[in-house]
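Read through the structure below, which is laid out as structure tokens, and then see the notes.
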Amino acid sequence: MFMLEKKEITPSWKRLRNPLSEHSHTMGKKSRVKTQKSGTGATAVVSPKEMMNLISELLQKCSSAAPSAGKEWEEYVQIRALVEKIRKKQKGVSVVFEGSREDYFPELMSWAAECGASCDGFEISSFADEGYGLKATRDIKAEELFLWIPRKMLMTVESAKNSVLGPLYSQDRILQAMGNVTLALHLLCERANPASPWLPYIKTLPSDYDTPLYFEEEEVHHLLATQAIQDVLSQYKNTARQYAYFYKVIHTHPNASKLPLKDAFTFDDYRWAVSSVMTRQNQIPTEDGSRVTLALIPLWDMCNHTNGLITTGYNLEDDRCECVALQDYKENEQIYIFYGTRSNAEFVIHNGFFFEDNAHDRVKIKLGVSKSERLYAMKAEVLARAGIPASSIFALHCSEPPISAQLLAFLRVFCMTEEELKDYLVGDHAINKIFTLGNTEFPVSWENEIKLWTFLETRATLLLKTYKTTSEEDRSILQKPDLSLHSRVAVKLRLAEKEILERAVSSGRNKRLHFQKQLEEGSPLPLYEESDIALLENADAKLPIILRKLDEEDEHAAEAEAHNALLESAQTPPPPLPLLLNGQSKEEVNGNLEEEEEEDGGKRLQATAKGKEEASSQREEPSSQRTEDASKDKGE
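In terms of numbering that gives the first Met the number 0, the sequence shown opens at residue 0 and continues consecutively.
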């Protein structure tokens with residue numbers, strides 16, 4: 000714990016009549032941070048028993064078995080109706096800090112300076128298109144270390160354990176399993192404590208967000224038929240389930256009796272905390288460097304996103320988060336960081352914004368070899384030798400070519416004839432030829448290339464037909480001046496998915512025609528020679544695939560994806576943001592209450608112990624970040 004000297008703004012408290020009345024879709028909005036103080040706020044207009052009955056109904060509804068196919072939207076509408084009934088009865092219970100959000104920025108900077116953070120060379124500023132961000136107050140060179148935040152400023156799972164939340168944490172399996180849920184409740188408890196050392200940070204957080212948790216029903220409706228819809232519906236259901244569960248815990252568990260939330264714990268409060276964590280959380284190393292934990296990083300999380308490379312890391316020797324400049328910045332220019340290789344679906348779901356120039360945008364495509372197929376065993380074996388599952392989720396990318404080396408290898412095997420399969424299983428140099436599967440320079444055959452690109456063209460065309468609107472209709476909708484911010488984001492995401500699929504159709508057609516020409520002209524296949532690919536001594540038959548010669552951008556993307564996968568596997572259980580925000584794995588707790596873990600859910604930081612001889616630590620940036628007000632499509 001550290002001392003906090005309050006400066007400039009003395010917080011006072013007032014009742015919030017309508018939490019949603021603060022929400023604005025304009026950038027640079029004046030934002031009040033809702034906060035709670037035990038024993039304050041309006042008297043609830045509903046009896047405790049009536050509220051508990053509603054909460055029990057919500058928990059039961061959200062904990063029931065997954066709906067049958069096609070019924071997900073119906074379930075979402077039912078859950079939402081229950082939540083809205085609860086929100087209506089909780090109206091006026093929350094309280095807020097008085098004053099506007101930017102009034103507290105000087106206090107944040109003063110607190111950061113007291114704690115030993117860097118505060119020179121930049122300031123918090125409002126930008127026309129992106130809301131709040133960091134602005135350079137002097138010239139900053141690329142790779143210059145300009146920002147560092149010491150551990151004592153961070154809100155972490157560890158600080159939660161040592162707080163008023165500690166006794167409950169020691170008894171509750173969900174908190175123990177899910178660091179993001181712990182951080183959300185930690186944030187609410189500290190927000191409700193006038194003596195919290197983190198108040199200078201908490202008072203500068205947005206009062207609301209633009210994550211899908213804040214979308215109106217008709218705004219979510221724009222996402223129907225998109226690849227994002229399932230995650231959006233799950234996000235809402237899981238957040239509602241968690242809220243109902245913890246409402247009961249807070250009001251009944253002996254170890255929750257001292258939490259400053261008992262008198263006021265509304266759905267809007269939890270939604271705010273979930274969104275704050277979801278858009279800001281990062282992985283950092285524990286103090287001994289033995290494992291990773293989740294953290295909120297004040298000041299640094301004000302930075303907006305742009306394309307680039309990872310430039311943030313954690314210096315274990317100095318025990319601080321460090322960030323170097325992504326590029327040269329002139330005085331008065333906005334300082335950006337790179338959040339990671341996230342798709343726009345991930346940005347919308349977890350960060351609440353759509354990034355127009357996303358070089359890493361992609362759509363998912365699920366492919367698998369049918370087990371009923373006559374050649375299944377042979378295809379599965381060739382794929383296994385290449386390190387590729389017989390069924391998996393791949394990606395179609397916005398760039399050209401739209402498929403990765405792994406997807407190319409899968410499609411080649413998927414389209415192989417029996418003779419071609421034999422050649423890759425028992426033919427001359429069969430083991431070594433596995434290495435060529437992902438290499439564009441070594442087609443299996445002209446016929447195989449024609450088949451795979453025809454398949455891709457057809458599959459992308461079929462996926463396009465699942466949408467209710469055309470690309471032209473979406474572009475027309477975006478021209479409407481009265482379209483809400485959330486609707487605009489949803490339609491942009493829907494259109495972006497279609498454009499990627501349309502490019503895949505076009506690319507597939509062009510490739511198909513190219514290889515048909517090669518076949519018709521009798522062009523010879525490129526000859527495979529052992530000298531083309533380095534052979535491994537004493538190698539086992541099941542060799543991992545060697546990817547085609549990637550250009551630099553593809554290499555960076557591949558490395559980033561591999562590294563993110565490594566980070567995810569390193570923190571089991573549970574990966575960040577099991578607020579069921581994009582969940583993959585599940586932990587069953589308390590009967591039917593299952594919490595999914597969010598994949599790649601917060602900014603990730605690479606922990607590197609800096610040796611005495613090292614001049615600097617390795618740095619890694621977030622694979623997920625948040626948008627500051629998220630009031631426009633791109634960022635803060």
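Glycine included, C-beta positions come from ideal geometry on N, C-alpha and C.
Please report the residue range of the beta strand (DSSP E) in which residue i lies.
i	result
K160	Careful: K160 lies outside any beta strand (DSSP E), inside the alpha helix (DSSP H) at V156 to K160.
N281	N281 to P284
G130	G130 to A135
K363	R361 to G367
P636	What the structure shows of the chain is the stretch from 0 to 635, and residue 636 is not part of that stretch, so it cannot be assessed.
H396	S390 to H396
E97	Unbroken run through E97: none, as it is neither H nor E.
V323	R319 to V323
E73	It is not in any beta strand (DSSP E) - E73 instead sits in the alpha helix (DSSP H) that spans E71 to K88.
N314	T311 to N314
F121	F121 to F126
When you compare only the Cα positions, how much space is there between residue i and residue j?
i	j	result
I544	A385	The pLDDT assigned to I544 is 35, lower than 50, so where the model puts this residue is not dependable; a value taken from the coordinates is nonetheless given after this. Each residue's Cα considered, the two are about 5 Å apart.
R14	V95	Any reading at R14 must be qualified, since the residue scores a pLDDT of 26, below 50, and its modelled position is unreliable; no value is offered.
S55	S93	21 Å
V82	A239	7 Å
K421	M377	8 Å
A503	L455	7 Å
R487	G507	30 Å
R474	V490	8 Å
S483	Y423	55 Å
Y131	L107	14 Å
H22	W197	Low confidence applies to H22: its pLDDT is 33, below 50, so where it sits in the model is not reliable, and the reading given next is rough at best. Distance between the alpha carbons of H22 and W197 is about 24 Å.
K6	A194	With a pLDDT of 27 at K6, under the threshold of 50, the modelled position of that residue is not reliable, and the figure given next carries that caveat. Going from the Cα of K6 to the Cα of A194 covers about 14 Å.
V163	D360	42 Å
R279	L184	15 Å
W299	K60	39 Å
I449	D427	24 Å
V276	E345	15 Å
K640	Q229	Residue 640 is absent from the structure shown; the chain starts at 0 and stops at 635.
M415	N350	42 Å
L186	S46	27 Å
C188	W271	13 Å
L549	H396	Below a pLDDT of 50, predicted positions are generally treated as unreliable, and L549, at 34, falls in that range; the measurement from the model is reported next regardless. When rounded, the distance between both Cα atoms is 14 Å.
A227	E520	44 Å
E418	V231	45 Å
D318	G120	21 Å
N237	T210	14 Å
K432	G367	22 Å
L477	K464	20 Å
Y375	R493	35 Å
Start and end of the alpha helix (DSSP H) containing residue i?
i	result
I430	A429 to K432
Q175	R172 to A176
N52	P47 to S62
Q517	L484 to E519
Residue j and residue i - do their beta-carbons sit closer together than 9 Å?
i	j	result
T511	T453	Note on identity: in this sequence residue 511 is Arg, with Thr being the wrong assignment. In contact: R511 and T453 (Cβ atoms closer than 9 Å).
F393	L382	no
A389	A404	no
V273	L212	yes
I348	Q241	no
E122	K134	yes
V156	T310	no
F409	S391	yes
M154	P284	no
K202	Y269	no
E330	R137	yes
N639	P259	With the chain represented from 0 up to 635, any question about residue 639 goes unanswered, as that position is not in the structure.
Please determine whether the Cβ atom of residue i lies at a distance below 8 Å from any heavy atom of the ligand PLP.
i	result
G69	Although the ligand PLP was asked about, the structure shown includes no ligands whatsoever.
Decide if the region 496 to 504 is in contact with the region 466 to 477; the criterion is three or more beta carbon pairs, one per stretch, under 8 Å apart.
Because the criterion of three Cβ pairs below 8 Å is met, the region 496 to 504 and the region 466 to 477 touch.
Below 8 Å, can you find three or more Cβ-Cβ pairs linking the region 262 to 277 to the region 82 to 91?
Yes, the region 262 to 277 is in contact with the region 82 to 91.
Tell me the start and end of each unbroken beta strand (DSSP E) in the region 230 to 294 that is at least 3 residues and wholly inside, in chain order.
281 to 284, all fully within the region 230 to 294.
So, do the region 143 to 154 and the region 218 to 237 have three or more beta carbon pairs nearer to each other than 8 Å?
The answer is no - the region 218 to 237 does not touch the region 143 to 154, with fewer than three Cβ pairs under 8 Å.
Three-pair Cβ contact test at 8 Å for the region 351 to 369 versus the region 171 to 182
Too few Cβ pairs lie closer than 8 Å, so no.
Identify every run of the beta strand (DSSP E) within the region 396 to 456, keeping only runs that are complete inside it and at least 3 residues long; order them along the chain.
The region 396 to 456 contains no whole beta strand (DSSP E) run of 3 or more residues.
Cβ contact (3+ pairs, closer than 8 Å) linking the region 298 to 313 and the region 327 to 338
Yes: the two stretches touch, three or more of their Cβ pairs being nearer than 8 Å.
Pairing CB atoms from the region 164 to 174 with CB atoms from the region 246 to 263, are three or more of them under 8 Å?
Counting Cβ pairs under 8 Å, three or more are found: they touch.
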